[in-house]
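Residue numbers (numbering that gives the first Met the number 0), protein chains in the order written: chain A, 0 to 308; chain B, 0 to 289. Cβ atoms here follow ideal geometry from the backbone N, Cα and C, with glycine treated the same way.
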Amino acid sequence: MEQHAAVANVPLERKGRFAVLWRKHFWGLLFLLPAFVIFILFLWVPIFKGFIYSFYHIDFVKGNSFVGFDNYKVALHDEDAWTAVKNTVYYMFLCLVIGFWIPIVFAIAISELRRFQGIVRVAAYLPNIIPVVVLYGLWRWFYDPVGPINGVITGWFGADEPVSFMTDTRWSMISLVIMESWQQFGSAMLIYLAAVLSIPRDWYEAAEIDGAGVWNRIRHITLPSIKGLLGLLLILQLIGTSQGYQSQLAMLDGGPNNTTLTYALLIVKYAFNQQNYGVASALGVLMFIVLGLLAIVQYRLQGKEGDVR
Amino acid sequence: MKQLDRGILSSFDLKKKPILIGYSIMVLVLVIMSCSMVYPILTTLFNGLKTNVEVNSFPPKFLPSEWHFDNFKKGWNFIDLPEFLRNTLYIFGGNLVITVGVLGLASFSLSRLNVPKRKAIYFFFMMTLFIPPTTYIIPNFVNLKDLGLMNSFAAFWLPAGANAFFLLLLKNFFDEIHYEIFEAARIDGASDWRSFVQIALPLSIPIFSTLAIFIFSSSWNDWFWPSLIMHNDSHYPLATAIYKYVINAKGLALNIRFAILTMVMLPPIVVFLVFQKYIMRGLHLGGVKG
Chain A
0 MEQHAAVANV PLERKGRFAV LWRKHFWGLL FLLPAFVIFI LFLWVPIFKG FIYSFYHIDF
60 VKGNSFVGFD NYKVALHDED AWTAVKNTVY YMFLCLVIGF WIPIVFAIAI SELRRFQGIV
120 RVAAYLPNII PVVVLYGLWR WFYDPVGPIN GVITGWFGAD EPVSFMTDTR WSMISLVIME
180 SWQQFGSAML IYLAAVLSIP RDWYEAAEID GAGVWNRIRH ITLPSIKGLL GLLLILQLIG
240 TSQGYQSQLA MLDGGPNNTT LTYALLIVKY AFNQQNYGVA SALGVLMFIV LGLLAIVQYR
300 LQGKEGDVR
Chain B
0 MKQLDRGILS SFDLKKKPIL IGYSIMVLVL VIMSCSMVYP ILTTLFNGLK TNVEVNSFPP
60 KFLPSEWHFD NFKKGWNFID LPEFLRNTLY IFGGNLVITV GVLGLASFSL SRLNVPKRKA
120 IYFFFMMTLF IPPTTYIIPN FVNLKDLGLM NSFAAFWLPA GANAFFLLLL KNFFDEIHYE
180 IFEAARIDGA SDWRSFVQIA LPLSIPIFST LAIFIFSSSW NDWFWPSLIM HNDSHYPLAT
240 AIYKYVINAK GLALNIRFAI LTMVMLPPIV VFLVFQKYIM RGLHLGGVKG
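Dropping the structure here:
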């Protein structure tokens, strides 16, 4: 990088240090200027304003007024907030149990296909392509008491009565997680698949000659080779699911009986249903503090992986 | 080294009975998986072709008994799809232009030009990747309101330039271009601006096409944020309109609903199948994305 940067140093007349530096850096800085302005205006300002707003009562008509820690008090004394934290943890847990391992298994399985690998890959990625609003409409019908899933349950397996996947408090969150896992597993699968396919084939050859069975080859060669990626995607999934609210909002609006009210959804509801932007900002700051710890782990892992940065 | 023609399993393994049975089961599972991925798409299409009575019958059937293509015509007339489509394309086009302009320039500068404190500047941009967006979603909204951008397309176009992930992809791409090309241009007297416009931009069409696909899918998908920013039909993008007027509609016949959903679903699928190669490469490029 340094050597070709030096190429730009066309011999400069000696004018004064400042003029020299100015000429040297002028274009570089000018090209960066728009990005600077936009990043500050639309990312850094909101991030910092979040902290400031959390101490204010926001009123678009009368203007903002300072309220100290009141917003935090409201947030911490709200019973819904604790329900929301519990629901979010439950949601993250379900996403791990139901969603995390599927892409890994399928990536290894698909890597073993000798033919039609491309078609299976495309098929697995298809649900990512469909707009989510279409999925909401579709899955509402799937989960309907008279929808196809219940048709199979009552028809083929002879269950007595249909399961109300959406309105039963025991099922609602699980149903959402199944829907999301189905939709999103393709992209994670493709990432794992690329990693699995890049493992040198002769390692397996050597292991086989040494008498390692299929399971041992997977356990001692395939899995260790994608270990770093596993850790990174695990963190990314935790960060992603801890912020989940869109499907909960669209499918059930946090119901039934607040069982799908996640923390992020609570923030959104405080802001846009109750117009209480101050408390919503305070909730956001609290979330920032907790997720900041996760982000540090992510930063470390990505440094190790060397993919990003 | 040439890759041997084998995976975890060798052709020798497949001659053993238990392994062969296991392999067959695995293939069967993959076939079932592929079907479960395609099934919902076809269901949407076929439900859009049934009579309303048939969609509501229990247990549901996969294929329609009669084919009612006029459902699509009714769905087309139910809401003003072309208008919402136009809004979506506005957002897509503006976002793409801003991304190319702002992030293209910035990444070119970071990768190729003389910039003091390059590391610190890069860090300034990349830090934003590690701050979870939901934590500042509310101040972000209030900020846009303070800037007077409510109910305007600029509320989407301008923030599109604040994407550290795209900046990262672009910078990695520019880093890969041989610097001799730029050196030659400079010797021939090209300014930095000219080497950006006439050399860097044309060379980076592949990466911009990948970004275009990302931007396309996000502007086609995003329904919640536009529903907060935009206030009337002449500004709603397609996804928001579908959510408001179709998914949450009371008294809209199911078959018409599915016909509309099919019409919304098909363009992205067509785009995907046509540009498959770029998309798969883009995913690979993106490597690990949040």
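query, result
"Residue interval of the alpha helix (DSSP H) (run including residue 78(B))", "Note, residue 78(B): premise wrong, no alpha helix (DSSP H); not H, not E."
"Inter-residue Cα distance where the pair is residue 15(B) and residue 205(A)", "19 Å"
"Beta-carbon proximity of residue 19(B) to residue 112(A), cut-off 8 Å", "no"
"Under 9 Å (Cβ pairs) to chain B, residues found in the segment 215-231 of chain A", "216, 217, 220, 221, 228 and 231"
"Proximal chain A residues relative to residue 70(B), where beta-carbon distance stays under 9 Å", "Residues of chain A passing the Cβ test: none, with the nearest at roughly 15 Å."
"Classification of residue 21(A) by the beta-carbon crowding that lies within 10 angstroms, buried from 16 upward", "exposed"
"Proximity test, Cβ basis, 8 Å: residue 121(A) and chain B", "yes"
"Residue-level contact to chain B via CB, residue 95(A), 8 Å cutoff", "no"
"Interface flag, residue 39(B) vs chain A, CB-CB below 8 Å", "yes"
"Beta bridge counterpart(s) of residue 174(A) as assigned by DSSP", "Beta-bridge pairing links residue 174(A) to no other residue."
"Proximity test, Cβ basis, 8 Å: residue 170(B) and chain A", "no"
"Closer than 7 Å at the beta carbon, the chain A residues around residue 274(B)", "In chain order: nothing, as chain A lies at least about 11 Å away."
"Residues that DSSP places opposite residue 55(A) in a beta bridge", "65(A)"
"Contact set between residue 286(A) and chain B, taken where Cβ atoms lie within less than 9 Å", "131, 133 and 134"
"Min CB distance residue 19(A) to chain B below 8 Å", "no"
"CB contact check: residue 102(A) to chain B, cutoff 8 Å", "no"
"is_contact[residue 79(B), chain A] using C-beta, thresh 8 Å", "no"
"Selection from 256(B), 224(B) and 9(B) that minimises the alpha carbon distance to residue 72(B)", "256(B)"
"Residue 169(A) in three-state terms, based on DSSP", "coil"
"Selected residue, minimal CA-CA separation from residue 127(A), among 219(B), 115(B), 250(B) and 12(B)", "219(B)"
"Proximity test, Cβ basis, 8 Å: residue 222(B) and chain A", "yes"
"Buried versus exposed call for residue 273(A) [16 or more other C-beta atoms within 10 Å across all chains shown]", "exposed"
"Three or more C-beta pairs below 8 Å linking the segment 114-128 of chain A and the segment 209-221 of chain A", "no"
"beta-carbon residue 294(A) near the ligand ADP non-hydrogen atom, thresh 7 Å", "Absent from the structure shown: the ligand ADP. Ligands present: none."
"Check whether residue 261(B) and residue 13(B) have beta carbons under 8 Å apart", "no"
"8 Å Cβ cutoff, residue 96(B) in contact with chain A", "no"
"Complete runs of the alpha helix (DSSP H) confined to the segment 7-92 of chain B [at least 4 residues]", "16-46, 51-55 and 69-77"
"Contact check, residue 83(B) vs residue 240(B), beta carbons under 8 Å", "yes"
"Members of the segment 17-34 of chain B that neighbour chain D once the beta carbon cut-off is set at 8 Å", "Any reference to chain D falls outside this structure, whose protein chains are A and B."
"Contacting residues, own chain, Cβ-Cβ under 7 Å from residue 188(A) (five flanking each side not counted)", "102, 105, 106 and 123"
"Residue 203(B) - DSSP class collapsed to helix/strand/coil", "coil"
"Exposure of residue 186(B), with buried meaning 16 or more beta-carbon neighbours within 10 Å", "exposed"
"Cβ pair residue 139(B), residue 102(B) closer than 8 Å", "no"
"Members of the segment 196-217 of chain A that neighbour chain B once the beta carbon cut-off is set at 7 Å", "200, 201, 203, 204, 207, 213, 216 and 217"
"For residue 329(A), three-class secondary structure by DSSP", "Residue numbering for chain A in the displayed model covers 0 to 308; residue 329(A) lies beyond these limits and cannot be assessed."
"Whole-angstrom C-beta distance between residue 222(B) and residue 242(B), which should lie under 8 Å", "5 Å"
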